[in-house]
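Asks: Residue numbers for the sequence shown follow UniProt numbering, beginning at 1 and rising by one.
Below you'll find the structure I mean.
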Amino acid sequence: MKKILDQVENIVDDALDGLVWAFPQYLQRVPGTHVLARVEPKGAGKVGIVSGGGSGHEPAHGGYVGYGMLDAAVAGEVFTSPTPDQILEGIRAANHGAGVLLVVKNYTGDVMNFEIAQDLAAEEGIQTQTVVVNDDVAVEDSLYTTGRRGIAGTIFVHKIAGALAESGASLESVRDGAEQVIHNVRSMGFALTPCTVPAAMQPSFTLTDDEMEMGIGIHGEPGTHRQKVKPARELADEILHQIASDLALKPGEDIACIINGMGATPLVELAVFAKDVAQWFHQVQVNPKFVMMGEYMTSLDMAGASLSVLRLTGYMTQWLLAACDTPAWRQGVRHDQ
1 MKKILDQVEN IVDDALDGLV WAFPQYLQRV PGTHVLARVE PKGAGKVGIV SGGGSGHEPA
61 HGGYVGYGML DAAVAGEVFT SPTPDQILEG IRAANHGAGV LLVVKNYTGD VMNFEIAQDL
121 AAEEGIQTQT VVVNDDVAVE DSLYTTGRRG IAGTIFVHKI AGALAESGAS LESVRDGAEQ
181 VIHNVRSMGF ALTPCTVPAA MQPSFTLTDD EMEMGIGIHG EPGTHRQKVK PARELADEIL
241 HQIASDLALK PGEDIACIIN GMGATPLVEL AVFAKDVAQW FHQVQVNPKF VMMGEYMTSL
301 DMAGASLSVL RLTGYMTQWL LAACDTPAWR QGVRHDQ
């Protein structure tokens, strides 16, 4: 296996330094930590937003640090939860006096370590709230979780919670907005090839040339079942039936969706899949009001994709369309410049 590395044990440190060098207008590294924080000054009274998890999911989570999204992102080692002390550094960096919301994907290590960090922050007088994202419809329990996993639907939580915080909403209001997103978002993924963790230098599972893995997670774990490779339209149908059933989507409802590459999927293939997703929505009379296609939460060099569908309720569309300015997601016109 070939990788672009210096020393494999330094991959996270080296990558964080590279991100800061490439995006100095957005990112700064908290000295001595694996925390990326916003460069620009934040006004007192803004709710801070912190997320994070293992490395290997880039651009998540550091790519979403900036105006309208995260105030800090905490990186663990590859596919490994960040430690409580690192998370506490992220909370400190994001604290502007109005409290901090922690957006945590539902993996046992992440949940436990963020809870410990939350307790440590409370000892310092920092008010925090936590939301746990569990959007994956493929599994209820897995090697990494009790309950459903958090995958690419987390990006919708970052966006809407970040927009609410940027608007001056209270910590409780930002938390409630994030919970509404979690309640209304579902995701599912598939793999055509496994990923290779740099320290292991071997595939996380094996597939023959005519096989694919359905219901994969983002840590290289196998999915719920293996099947022969299907045309894109059949994949879209299989995944959307499961998502729509779980969400109880009805004709006439408005949705947003993310078509997410897993790290090694050509954009032309994502575009074919997107076309079939669009046709499925048209057939069932569901209205996509916001669509993103690209790489947003990956699994190293895995070839495959995931689909996230968010039912738009209340003011979600307003916050989804609000301006943001981060390395991985930029839209709209900022009103603070």
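Don't be surprised by glycine CBs; every beta carbon is placed ideally from N, CA and C.
Quick test of the definition: if touching needs 3 or more C-beta pairs under 8 Å, does the segment 158-166 touch the segment 292-305?
Replies: No contact exists between the segment 158-166 and the segment 292-305.
Asks: Less than 9 Å between the beta carbons of Gly-62 and Leu-36, yes or no?
Replies: Yes, the pair counts as a contact, with Cβ atoms nearer than the cut-off.
Asks: Is it buried or exposed for Thr-206, if we count other Cβ within 10 angstroms and need 16 for buried?
Replies: Per the 10 Å Cβ criterion, exposed.
Asks: On the DSSP bridge assignment, give the partners of Ile-259 in chain order.
Replies: Ile-259 is bridged to Met-293, Leu-307.
Asks: Threshold first: 4 residues or longer. Then list the alpha helix (DSSP H) segments lying entirely within the segment 123-184, N to C.
Replies: Correct list: 154-166, 171-184.
Asks: Contact between the segment 188-205 and the segment 24-32: three or more CB pairs below 8 Å?
Replies: Counting Cβ pairs under 8 Å, fewer than three are found: no touch.
Asks: Taking contact to mean at least 3 C-beta pairs separated by less than 8 Å, is the segment 41-55 in contact with the segment 71-81?
Replies: The segment 41-55 is in contact with the segment 71-81.
Asks: If you draw a straight line from the alpha carbon of Asp-210 to that of Lys-230, how long is it in whole angstroms?
Replies: Rounded to whole angstroms, Asp-210 to Lys-230 spans 9 Å at the Cα level.
Asks: Throw me the rounded Cβ distance for the Val-157 and Val-137 pair, which I believe falls under 8 Å.
Replies: No, Val-157 and Val-137 are not in contact; Cβ-Cβ is about 16 Å, not under 8 Å.
Asks: Measuring straight from C-alpha to C-alpha, what distance separates Val-333 and Arg-226?
Replies: Val-333 and Arg-226: Cα-Cα distance of roughly 45 Å.
Asks: Residue range of the beta strand (DSSP E) that Gln-28 falls in?
Replies: From DSSP, the beta strand (DSSP E) with Gln-28 extends over 27-29.
Asks: Measure the beta-carbon distance from Asp-270 to Met-293 and round it to whole angstroms, keeping in mind my assumption that it falls under 8 Å.
Replies: This sequence places Leu at residue 270; Asp is not what is there. With a Cβ gap of about 6 Å, Leu-270 and Met-293 count as contacting.
Asks: With burial defined as no fewer than 16 other Cβ atoms inside 10 Å of the residue's Cβ, what is the status of Lys-250: buried or exposed?
Replies: Burial call: exposed.
Asks: Just grab the DSSP bridge partners of His-282 for me.
Replies: Answer by DSSP bridge pairing: none, since His-282 is not bridged.
Asks: Can you list, in chain order, the residues of its chain with a C-beta nearer than 7 Å to that of Asp-237? Leave out the 5 residues immediately preceding and following it.
Replies: The answer, listed in chain order, is Trp-280.
Asks: To the nearest angstrom, how far is the alpha carbon of Tyr-64 from that of Val-103?
Replies: About 12 Å.
Asks: Under the DSSP definition of a beta bridge, which residues are partnered with Ser-51?
Replies: Ser-51 pairs with Ala-73, Val-103.
Asks: Kindly examine the ligand ADP and report whether one of its heavy atoms sits closer than 8 Å to the Cβ of Asp-336.
Replies: Absent from the structure shown: the ligand ADP. Ligands present: none.
Asks: Would you kindly work out how many angstroms separate the C-alpha atoms of Arg-186 and His-335, rounded to a whole number?
Replies: About 32 Å.
Asks: What does the Cβ neighbour count give for Thr-33, buried or exposed, with the cut at 16 atoms within 10 Å?
Replies: Classification of Thr-33: buried, given that the 10 Å Cβ count is 16 or more.
Asks: How about the segment 6-14 and the segment 41-49: do they share at least three Cβ pairs that are nearer than 8 Å?
Replies: Judged by Cβ distances under 8 Å, the segment 6-14 makes no contact with the segment 41-49, as fewer than three pairs qualify.
Asks: Return yes when the Cβ of Glu-172 is within less than 9 Å of the Cβ of Gln-129, no when it is not.
Replies: Going by C-beta atoms, Gln-129 is nearer than 9 Å to Glu-172.
Asks: Tell me which residue opens and which closes the beta strand (DSSP E) that Arg-233 is part of.
Replies: It is not in any beta strand (DSSP E) - Arg-233 instead sits in the alpha helix (DSSP H) that spans 232-247.
Asks: Beta-carbon within less than 6 Å of Ala-94's beta-carbon, same chain only, minus the 5 sequence neighbours each way: which residues are those?
Replies: Answer for Ala-94: Gly-48, Val-50, Asp-71, Ala-72, Val-100, listed in chain order.
Asks: Express the C-alpha separation of Met-297 and His-57 in angstroms, rounding to a whole number.
Replies: Straight-line Cα distance between these residues: approximately 5 Å.
Asks: Whose C-alpha, out of Val-8, Ile-4, Val-39, Asp-6, is nearest the C-alpha of Val-20?
Replies: Nearest C-alpha to Val-20: Val-39.
Asks: If contacts are defined as beta-carbon pairs under 8 Å, then Ala-44 and His-96 qualify, I think. What distance do you get, rounded to the angstrom?
Replies: At roughly 6 Å, the Cβ-Cβ gap stays under 8 Å, so Ala-44 and His-96 are in contact.
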